[in-house]
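**Student:**
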Amino acid sequence: MTDLAQVPDFPADEFTDVLAANVDYARRFEDAHLTGRAVRGLAIVTCMDSRIEPLSIVGMRPGDVKIIRNAGARVTEDVLRTLVLATHLLGVTRVLVMPHTDCKMASGTEAEVHAAILDASGMDTRSLEIRTVRDQEEALATDIMRVRTFPLLHPGVTVAGAVYDVHTGLLLPFHPSTAAIAGL
Ligand SMILES: [Zn+2]
């Protein structure tokens, strides 16, 4: 068990803006009636990129969607674990895998990212798999299939892919049969 006395207290000085904004948020809060079920039955798997505002992009609001994020919008074991819970217990019936244009994860090889971190921080991170993307269409096709064929997902879940264009705000639906993401 973690000894709580060893864990540092909340570093309020570095989070002043966060806490102040939250007080404002709580003052206007009107979502107390919501539950953890996704009202619109949607889960979005997307990147951690700070330009992506998943709810606004698809015209939804808190309570509507499960949002799962990581570097590169990759379907990892943890994403599958989360989707199992979301589809069996939390009302998700459709999954949108949503990588984006100008993604840092698609801009270099595994070795180049490790070299960049070494350059920036002097740390050798090669023991970690970054999961960089060499070909975004190929990665998206693979990730869609990973969800579609995962045996523990609720049957009947619809899986789709679309690329979010960070320069236009548009979602570009992915059609593997023609393998054409307009604008990529
Ligand atoms: Zn990204």
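Using our numbering, the first residue of the sequence shown is number -12, and each one after it goes up by one. Virtual Cβ for every residue (Gly too), placed ideally from N, Cα, C. Being a predicted model, the structure only gives us computed values, none of them experimental.
Could you please give the first and the last residue of the uninterrupted alpha helix (DSSP H) stretch that includes Leu158?
**Tutor:** Counting along the chain, Leu158 falls outside any alpha helix (DSSP H), though it belongs to the beta strand (DSSP E) covering 158 to 160.
**Student:** Does DSSP classify His20 as helix, strand or coil?
**Tutor:** His20 falls in the coil class under three-state DSSP.
**Student:** Can you list, in chain order, the residues of its chain whose CB lies under 6 Å from that of Arg24, leaving out five sequence neighbours each side?
**Tutor:** Taken in chain order, the residues that qualify are Leu77, Gly78.
**Student:** Rank Ile104, Cys90, Leu29, Pro41 by C-alpha distance to the C-alpha of Gly74 and give the top, closest one.
**Tutor:** In the sequence as displayed, the identity of residue 74 is Thr instead of Gly. Comparing Cα positions, the closest option is Leu29.
**Student:** Check each candidate in Thr96, Glu125, Thr136 and name the one with the smallest Cα separation from Arg118.
**Tutor:** Among Thr96, Glu125, Thr136, the Cα nearest to that of Arg118 is on Thr96.
**Student:** Comparing C-alpha positions only, which one of Gly156, His154, Pro142, Leu127 sits nearest to Gly148?
**Tutor:** With distances taken between Cα atoms, Gly148 lies closest to Leu127.
**Student:** Please go through the region 26 to 109 and give each complete beta strand (DSSP E) segment of 3 or more residues, from N-terminal end onward.
**Tutor:** For the region 26 to 109, whole beta strand (DSSP E) runs of length 3 or above, ordered along the chain, are 29 to 34, 52 to 57, 81 to 85.
**Student:** Thinking C-alpha only, which one of Leu115, Lys91, Met(-12) is nearest Ser37?
**Tutor:** Ranking Leu115, Lys91, Met(-12) by Cα distance to Ser37 puts Lys91 first.
**Student:** Does DSSP classify Pro(-2) as helix, strand or coil?
**Tutor:** In this structure, Pro(-2) counts as coil in the three-state DSSP scheme.
**Student:** My understanding is that Ile31 touches Leu83, with C-beta atoms under 8 Å, so please give their C-beta distance in whole angstroms.
**Tutor:** Sure, about 5 Å apart at Cβ, within 8 Å.
**Student:** Step through the CB atoms of chain B and report whether any lies within less than 8 Å of the CB of Thr145.
**Tutor:** This model lacks chain B altogether, as it is built from one protein chain only.
**Student:** For ligand 1, I want to know if His154 counts as a neighbour, meaning its beta carbon is within less than 7 Å of at least one of the ligand's heavy atoms.
**Tutor:** No - ligand 1 has no heavy atom lying nearer than 7 Å to the Cβ of His154.
**Student:** With Val153 as the anchor, note down where its beta strand (DSSP E) starts and where it stops.
**Tutor:** Where Val153 is concerned, there is no enclosing beta strand (DSSP E), given that its DSSP letter is neither H nor E.
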